[in-house]
Each structure stands twice: as structure tokens, then as C-alpha cells.
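Numbered according to mature numbering (1 follows the signal peptide of the UniProt record, and there is no 0), the sequence shown spans residues -35 to -1, 1 to 417.
Glycine is no exception: its CB is placed at the ideal position from the N, C-alpha and C atoms.
Just so it is clear, the structure is predicted and the values come from calculations on it, not from any experiment.
Input: a single structure, listed below in C-alpha cells.
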Amino acid sequence: MISQKTKKRFNKVIIMIAACSMFSMFGTSMLHTKAATHSAAPAVYVSPQNIPVSDIISIDWSPVQTPPYTYWAVHNWNAGGEAGGYAGFQQQSGFDENGKRTLHFALWDPISSKEAIKAEYLSPNSQAGPFGGEGTGMKVQTTYGWKDNNWYRMTMRSWQENGHTKFGQWMKDVTKNKWHQIAIMDFPVANVAFNHGLGMFQEDWADSGQNVREARLKNGYSRKLVDKQWSSWNNQSISGTHDNTYQYDGGATSEYVWVKAGGNTQSTIGSGKIFTLNQPTQPEIGKLDFDIQSIYYENEKLNVSWKLKENSTPQFKGKIEIYNNENMTGQPINVIDDIKSYQNGISQSISLPTNAYAKIVLTDIFDQTVEKKVQIKNESPNIFEGNEFAWSLKGIGDFEFAKVNLNKSTEEMQIDLKAGVPHDYFDSTYASIKVQNTSGKVVYNKEIYGNK
């Protein structure tokens, strides 16, 4: 870490972030040369038993041995039916975290509609595009540097909106207790859920069976569509097909099931076995919480912004109710509804009385709700109100490569530059930090390259 400190007056701090302009093509098809003596490691399937139709599915996954061309599709649903899909983690190159690691999410094209699937929301590190080969559809690939032996929770949810079914993907880094919203797909058929065929598979897609791949799974749950009660995936079937060259194996502790295949793996479970895990009847969800960043009314426009707390569950939707009394009794005089999961503020033209109050209501992906009340000010906020300020500069995968701290009362600024690569695909200036004093003289200037 490089830390630089200066004690001068500043009238301008300029932080510029450049957006990544090029990504490599993505998908599971890879150019490779098949060795005559190598075939694919057997696919291994982990299937929960007797699971009803659900609107939420969730499971924790931990990678153990991670050779290239491996796909851990921790969620599969509706194979061969309407809105068939899968989601999971891929090791696309390399044998460890220095290789290319991604998250995946795909839906096959609709059966009962000719409309196309659309990507409604993509994270900054995600790309969407069509796929072919084993059917056609829409896929999302997200660059994310998951770590060996850490746990990651992938949660999928389906819901109805404007005659379509929406499918959302969220991922939690359990070690950091941090959620990430990945993508939302708009599927042009109504009333579809996670109907059947739930489970996970581990796949070697490039005939590299000489390499052992291994992973663990725990905390599998689904929420019933009809009554919103949770089903625990405590009974898991592990199965697959051995070939003449490579085998698969699997087993369980009281906490998790594990699977591996390829290399010198020898089966201890024959053609398959059901294992029982000791896990609660419903998942540990966590709590939804947020802070109001600003709220003001100016030029007949209401501006509201908020921010989820660092360890909050993900936002699913929101609304803002406006009242003309501090106690917020009676009916609201206005309601701003239909706030999406990926929105953290609104700016809307509206007519308000002199004294107005807002109730901001957020709902998370598990339907927990939190509300906060605040008076609406008839002036824009001063963003430099107070004495201490901090800016965080982040690159791909939320890697923080620089932090700027300013203390107005002591007229002191500290800039910390952290070792690491902000963005592998950006070979020019990715960000720059420029500090000017009160006379406009530049007292600090730093350009940060993306891949250096």
C-alpha cells in the first residue's frame, strides 16, 4: 500500500473513472485440442428430493479443486420445459484464482412465445448474449474472482410482472457477508416458476478428464410458490455415469455434500447414493437495512436516494409514501411505487405542500420489509456538509484500488493506493486522481492504469 498525505487547502478534488470498453467473447464453448488419450471427466449430479414448485432457490457452494473447463451449475430448473435454465460458477482457464473465473446464468428460449428473452439488469461486470449448441437462449456471464475453499451463496428468484416472468440472480460472498445483485432476465411467458428438475451438476466441457475437479454444497433451500414456506434440501442424491477411463465420487459430512470426478478418482458410492444433512428447516436469511442518503424537494421535483448497509440482504423492490403530517396518519397524498431492485433513488416531478413527510419502504428478495420516515426539505443538500469525507475507487469485482480521505477541519487529505490490478481488460488509464489547492495549482496528480 502506498500512502500519501498532504496538508494544504483544496478547492477541487477531481476523481475520474473510465469505463471498460472491451470484453472478451464469452460462453462455454472453448477452442481446445483433444488429446487422443483423454475424455471428459464424468458429469456428477446432486439432486434434492421431493421438492415442490418454488419461487426462490438457494444453495451454498465451495470450490476445492478447480481445473479449467469446469462448470458447477449449482442451480438447474425446468429442463426440457418452459423457462428451462441453469446458473452457477465456471473455471474457464487456469487451475486457480489466477485463471478466468465467472458466474453464469442462462435461460432457454420460450416454447409458447416468439418474443425474445431480454436482459433487464446486468451488474457492471456482466455481459449478456445469445447462446446456441444445446438449444438456443439468452445467457449472462459475470467476471468474479471467487476463491478456493470459500463459500458462495447463489440465490435465484422468479416473479410475475406485466404478463411476463422475471428471473433474478444474486450471489453472496459468505466469507465477507456481502451480497451482489448479478442479473435480471425478462422471460416473455407468464406464470412460470422453478417447477421441476432442481439440482446441481459438475461438468467437464472440454474432455480434460485427466484433471480432478471437486466442490462442496450445503444450505440448499427453496421457497414454495403456493404458501411461501421453506423446503430444506437436507436429503441429496449424488449420481452420475462412470466411463472406461474416469470415475466420479461423492459423499457427505453432517454439514455438506461433496463431489469430485476425473483423474485418479475412485468411486465409493457405485451408481449413486442419497445422503442426509443436518441443517435447519429454513435458511438463515439475514436482515435488510439501509440509510437515507438525501431527500429534498426542488423545482417541483422530489429527489430521494438511499444506500443499503454493507451486510444488508438485497433489495427486491421499494415504494415511497408522501404524507402532509408528521405522524403520517391517514392516507398518503402521493405514492411512488414500482421501485426496482437495482434502483437506489428516484427523481420525480411532483406537487408537494410546504410541509411534507416521506416514508421509504424497501422489501428484500426474501420479502422482509423495512421502512424509514423523514421530513422532506425544500432545498438541495450540501454534499460537503460536515468535516470528514471519504471516496473509494473500485475496479472489477469490487476491488478497492484507492481510497481518498479528506478532513476539512484539519485541512488534511490522505490518499491510499493499494497494490493490485483494477481491471484486467483495460490497458490504458482506468482512473485518475487530481487535487488542486485554493489557487488552482495541482498539488497531486495520479493516473492509474487498468492492467498494471
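In the displayed model, I76 falls within coil according to three-state DSSP, outside both helix and strand. Shown here for G100: same chain residues with a beta carbon closer than 6 Å to its own, the five before and five after excluded, namely W73 in chain order.
By the Cβ criterion, the segment 42 to 52 is in contact with the segment 152 to 161, since at least three pairs of Cβ atoms, one from each stretch, lie closer than 8 Å. Exclusion of the five residues before and after F60 leaves P32 as the residues of its chain whose Cβ lies within less than 6 Å of its Cβ. If only uninterrupted alpha helix (DSSP H) runs of at least 4 residues are considered, none is enclosed by the segment 196 to 267. A8 and D332 have their alpha carbons spaced roughly 36 Å apart.
With respect to the C-alpha of K284, the residue from V300, T278, N276 having the closest C-alpha is V300.
Among the bridge pairs identified by DSSP, E47 is matched with none. Straight-line measurement puts the Cα of A81 at about 40 Å from the Cα of W356. Rounded to the nearest whole angstrom, the C-alpha separation of Y109 and S236 is 34 Å. Secondary structure of D363 (DSSP, three-state): helix.
CA-to-CA, the gap between Q313 and N268 works out to about 7 Å. Taken through DSSP and simplified to helix, strand or coil, K112 comes out as coil.
Leaving aside the five residues that flank T210 on each side, the residues in its chain whose CB is nearer than 7 Å to its CB run, in chain order, S4, G174. The alpha-carbon separation between V11 and K417 amounts to approximately 41 Å. When the alpha-carbon of F281 is set against those of S19, L358, F132, the nearest one is in F132. With a cutoff of 9 Å on beta-carbon distance, Q167 and A217 are scored as not near each other. Each residue's CA atom was taken as its position, placing S197 and K65 some 33 Å apart. In the three-state reduction of the DSSP assignment, V300 falls in the strand class.
In the three-state reduction of the DSSP assignment, M119 falls in the strand class, which pools E and B.
If you compare the alpha carbons of P318, F354, L358 with that of Q340, the shortest gap goes to P318. Comparing alpha-carbon positions, the option among T328, S23, P89, P17 lying closest to I361 turns out to be P89. With contacts defined as CB atoms closer than 9 Å, L327 and F354 fail to qualify as a contacting pair. For M150, the enclosing beta strand (DSSP E) has its first and last residue at 143 to 152.
Counting along the chain, V18 sits inside no beta strand (DSSP E), nor does DSSP assign it H or E at all.
Distance from the Cα of S270 is smallest, within the candidate group Y390, K137, Q57, K337, for K337. Exposed is the label assigned to I76, since fewer than 16 other Cβ atoms lie within 10 Å of its Cβ. Excluding the 5 residues flanking it on each side, K252 has no same chain C-beta neighbour closer than 6 Å. If the five residues before and after N410 are omitted, its C-beta is found closer than 6 Å to the C-beta atoms of K399, all from its own chain and listed in chain order. At a Cβ-Cβ threshold of 9 Å, K274 and Q258 do not count as neighbours. Distance from the CA of F159 to the CA of G415, rounded to the nearest whole angstrom, comes to 40 Å. Looking at the DSSP output, T334 shares a beta bridge with T328. Pairing S202 with L163 gives a Cβ-Cβ distance that is not under 9 Å.
Relative to the Cα of W42, the nearest Cα in the group Y34, T120, S78, S91 belongs to T120. Closest option to Q212, judged by alpha-carbon separation, among I234, D363, N320: I234.
In this chain, the beta strand (DSSP E) harbouring A84 covers 83 to 87.
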